[in-house]
Amino acid sequence: MNIQPSPALPPKFSADFPPRSRWSALLAQLPAEQVRTAAAALALEVVDITLPQSGLGLMQLNDTALNDNFYLGEIPIARAHVRVKSTDGQAGEGGAVLLDDRARLARAIAILDAVLAAQLPGWESAATLVEQGMAVHEQLMQARRALLARTHVDFSLLGQEEEGE
Amino acid sequence: MGYVAIKGGKAAIEGAAAATDYLRACNSEREAPLALGAIEGQLRLLVSRAVSEGGLYHPKLAALAIKQFQGDTLEAAFALRAYRSTKPRLLETPPQNTAKMRVIRRISSAFKDIPGGQMLGPTYDYALRLLNLGLVNEDPGVFRAIARRFLDDAPENELPDSFPKVLDALRAEGLLPALKPVAGTSFDVTRQSLIFPVPRSAALATMARAETGSLLAIAYSNMRGYGDVHPTIAELRVGYVPVMLPHPVTGEPMEAGEALMTECEVVAMFEGDDQGGKPAFTLGYGACFGHNEVKAISMAILDRALQKGMKDGATNPSEDPEFVLLHVDGVDSMGFASHYKMPHYVTFQSDMDRLRNTQAKAQQKDIPQKKDTA
Chain A
44 MNIQPSPALP
54 PKFSADFPPR
64 SRWSALLAQL
74 PAEQVRTAAA
84 ALALEVVDIT
94 LPQSGLGLMQ
104 LNDTALNDNF
114 YLGEIPIARA
124 HVRVKSTDGQ
134 AGEGGAVLLD
144 DRARLARAIA
154 ILDAVLAAQL
164 PGWESAATLV
174 EQGMAVHEQL
184 MQARRALLAR
194 THVDFSLLGQ
204 EEEGE
Chain B
55 MGYVAIKGGK
65 AAIEGAAAAT
75 DYLRACNSER
85 EAPLALGAIE
95 GQLRLLVSRA
105 VSEGGLYHPK
115 LAALAIKQFQ
125 GDTLEAAFAL
135 RAYRSTKPRL
145 LETPPQNTAK
155 MRVIRRISSA
165 FKDIPGGQML
175 GPTYDYALRL
185 LNLGLVNEDP
195 GVFRAIARRF
205 LDDAPENELP
215 DSFPKVLDAL
225 RAEGLLPALK
235 PVAGTSFDVT
245 RQSLIFPVPR
255 SAALATMARA
265 ETGSLLAIAY
275 SNMRGYGDVH
285 PTIAELRVGY
295 VPVMLPHPVT
305 GEPMEAGEAL
315 MTECEVVAMF
325 EGDDQGGKPA
335 FTLGYGACFG
345 HNEVKAISMA
355 ILDRALQKGM
365 KDGATNPSED
375 PEFVLLHVDG
385 VDSMGFASHY
395 KMPHYVTFQS
405 DMDRLRNTQA
415 KAQQKDIPQK
425 KDTA
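Chains as they are written, first to last, in this note's numbering: chain A, 44 to 208; chain B, 55 to 428.
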């Protein structure tokens, strides 16, 4: 099988297309059914390199005060690792790890990850999904920035000026 | 005397479960069942408490546990712990970096001008504690408009997603001890028993999933005078930490998702360096899943108190690792308290027998005394 290299940013993508390290999280922003349907619609032969799994991960945190590591607690984890082959014989490998407990969703995202990384037939629709996920994420980030912007403290010394009402 | 096996009560136990559910649903003519999304959104601080004390970041299941146990946070945390015990552990993450936190709140009581600025975010700190009677019969249309209006009124901004740490600025000025290399592997409190002395990673992990009220009570004892941490909050931040894990194909770090957490770094009394270096402030650290500021502050104070206790010996309960760490877990302590409700018929029978014997002996002893006095 001819495994294609998985560049960090495949050449056909625009410069502002997110790196591979964000594809899973962005695809996970979309409704799971949409992602699963998109992955199933690709004409591919899929082999699981590792069976899709769901379980837990122990989250380790770095204490920024004294630089000790410790375990904060557990997080749900779903992961998948697949090899895909298109009808014209091109192949690629994809993977996904999600903070989620839906193994089937992780597998669908792993398939899309493979198609995107190797730019197999259908990669454009997968790229569109990533862009849609990015739009959802950006909306979320805008709401979070609004929480900050509306509560930014404008300090002034007492008596220097009256606070505007 | 041995324990006597008893049976019976099956129907009563089943009835108790039904009775509990009845009380949840007895107003169903007028009220709809709680949707998990409503619990997750509108009771977000309760969900935060459950994920933190359950030690499992799963807001949806935490909302379910809160619904199932009708708002009891101890039981909700217990249910999350029970759930986690049924799941396989797939991985341990590399140490995650809170400097990358997508912040929604960030304050410092040490400096007004912190790098990046102070943002109050969602807080009740400056709210009047007066009941808002407008929420009694909240109009759904008005309720829906709240979020839209908030976003519409937000000023244009170019704010970054993450911010530098206040401690880095203090460290750059030489006011904090230099960072030491990470020592040893982290202690897993879910699989290893606490046998004292324990490393600091065990103390932090235990407190991260401790019950909020228990941590607060012991930290409060330190604040009131049974200890001398005298903390100043260098930084308290709340936000979403992107969880970075190795990509299954490339091995490079990839974002798997994000977890809401609260982090607090306190600066405490300064002390001299053991190796004759310059005196520097001491530090305490607190962090937990979810939005739970009182817990993170309490944890940071206790972290500092425990460091002192481990180094110089405990002079107060809050400096004693065994006292603190063995008494702050909500599931442990709730379990012990609740077990007293279980039948103790045999042990109590034994207590009664002993009391009757003792009373009889005392009476026998009293009889000659009474004769003497007569």
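Every residue, glycine too, gets a C-beta built ideally from N, C-alpha and C.
- Burial check for Tyr-180 of chain B: the Cβ neighbour count within 10 Å stays below 16, so the residue is exposed.
- Where Leu-101 of chain A is concerned, the enclosing beta strand (DSSP E) starts and stops at 87-105.
- Setting aside the 5 residues that flank it on each side, Thr-177 of chain B is surrounded in the same chain by Arg-159, each with a C-beta closer than 7 Å to its C-beta; the list follows chain order.
- Annotation for Tyr-294 of chain B: the continuous beta strand (DSSP E) segment containing it runs 286-300.
- The beta carbon of Ala-123 of chain A sits closer than 6 Å to the beta carbons of Pro-95, Ala-139, Ala-149, Arg-150 and Ala-153 from its chain, once the five residues preceding and following it are set aside; these are given in chain order.
- Beta-bridge partners assigned by DSSP to Tyr-339 of chain B: B:Glu-319.
- Scanning chain A for C-beta atoms nearer than 7 Å to the C-beta of Ser-240 of chain B yields Gln-103, Asn-112, Phe-113 and Tyr-114, reported in chain order.
- Using beta-carbon distances, Ile-158 of chain B counts as an interface residue toward chain A, with a partner under 8 Å.
- Contact between His-195 of chain A and Gly-228 of chain B is ruled out by a C-beta separation of about 30 Å, above the 8 Å threshold.
- For the stretch 362-385 of chain B, the set of residues with a beta-carbon nearer than 9 Å to any beta-carbon of chain A is empty.
- Neighbourhood of Ser-102 of chain B in chain A, by CB distance below 7 Å: empty, with the nearest CB roughly 12 Å away.
- With a threshold of 8 Å between beta carbons, Gly-175 of chain B makes contact with chain A.
- Think of a sphere of 8 Å around the beta carbon of Gly-279 of chain B: no beta carbon from chain A falls inside it, the nearest being about 24 Å out.
- Annotation for Glu-94 of chain B: no beta strand (DSSP E) segment contains it, though the alpha helix (DSSP H) segment containing it runs 90-96.
- Going by DSSP, Ile-161 of chain B is part of the beta strand (DSSP E) stretching over 156-161.
- Identification of chain A residues near Gly-62 of chain B by a Cβ-Cβ cut-off of 7 Å yields none; the smallest Cβ-Cβ distance measures about 39 Å.
- Contact holds between the stretch 99-115 of chain B and the stretch 103-120 of chain A, because three or more Cβ pairs, one in each stretch, are under 8 Å apart.
- Cβ-Cβ separation between Met-177 of chain A and Pro-61 of chain A: approximately 6 Å, consistent with a contact (criterion under 8 Å).
- Within chain B, Tyr-111, Val-297 and Ala-313 have C-beta atoms less than 7 Å from the C-beta of Ile-118 of chain A, given in sequence order.
- Asn-276 of chain B is bridged by DSSP to nothing; it lacks a bridge partner.
- For Glu-265 of chain B, there is no enclosing alpha helix (DSSP H), as DSSP marks it with neither H nor E.
- Contacts between Met-184 of chain A and chain B, judged by CB atoms closer than 8 Å, involve Arg-156 and Asp-215 in chain order.
- DSSP places Tyr-137 of chain B in no beta strand (DSSP E) but in the uninterrupted alpha helix (DSSP H) bounded by 127-138.
- Under the DSSP assignment, Ser-372 of chain B falls outside any alpha helix (DSSP H); it carries neither an H nor an E label.
- Counting only runs of 3 or more residues that sit fully inside the stretch 118-202 of chain A, the beta strand (DSSP E) segments are 134-141, in chain order.
- Beyond the five residues adjoining it in sequence on each side, Val-292 of chain B comes within less than 6 Å, by CB distance, of Ile-158, Arg-159, Thr-316 and His-345 in the same chain, given in chain order.
- In the DSSP annotation of this structure, the continuous segment of the alpha helix (DSSP H) that includes Leu-224 of chain B starts and ends at 220-226.
- Gln-172 of chain B sits in coil when the DSSP states are folded into three classes, being neither helix nor strand.
- Here DSSP, grouped into helix, strand and coil, assigns Leu-213 of chain B to coil.
- For Glu-76 of chain A, there is no enclosing beta strand (DSSP E); the residue is part of the alpha helix (DSSP H) that begins and ends at 75-84.
- Against chain B, the beta carbon of Thr-80 of chain A has no neighbour under 7 Å; the closest one sits roughly 21 Å away.
- At a cut-off of 8 Å between beta carbons, Asp-328 of chain B makes no contact with chain A.
- Spanning the alpha carbons of Gly-108 of chain B and Gly-175 of chain B requires a straight line of approximately 25 Å.
- Considering only A:Ser-168, A:Asp-156, A:Leu-141 and A:Asn-105, the residue with the shortest C-alpha distance to Gln-150 of chain B is A:Asn-105.
- Under the DSSP assignment, Leu-118 of chain B falls outside any beta strand (DSSP E), being part of the alpha helix (DSSP H) whose first and last residues are 113-122.
- In this model, Leu-299 of chain B and Asp-111 of chain A are separated by some 19 Å (Cα to Cα).
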